[in-house]
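Numbering (my numbering), first residue to last: 14 to 83.
Note that beta-carbon positions come from the ideal geometry of N, C-alpha and C, so glycine has one too.
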């Protein structure tokens, strides 16, 4: 399942990041978004969702949310 199907307020563990862009992978890693890390969906928006990773909250678009496998 990816983040688009995640329930709001429930914590998940990231299993895999499916991107073909090395820069995007590096950016996500710098945010703390990588395999084995917990992630929580705060809310679903029309264009994406708001997630909590470690101590930060981030707004990610639908394409990126679909590439984060939980």
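The Cβ-Cβ distance between residue 66 and residue 37 does not fall below 8 Å.
Beta-carbon to beta-carbon, residue 82 and residue 51 are separated by about 14 Å, too far to satisfy the 8 Å threshold.
Of the residues assessed, residue 76 falls on the exposed side of the cut-off, its CB having fewer than 16 other CB atoms within 10 angstroms. For residue 24, the uninterrupted beta strand (DSSP E) segment begins and ends at 24-26.
Separation of the CB atoms of residue 48 and residue 20 is rounded to 21 Å, and the pair is thereby denied contact status at 8 Å. Residue pairing by DSSP places residue 15 opposite 82 in a beta bridge.
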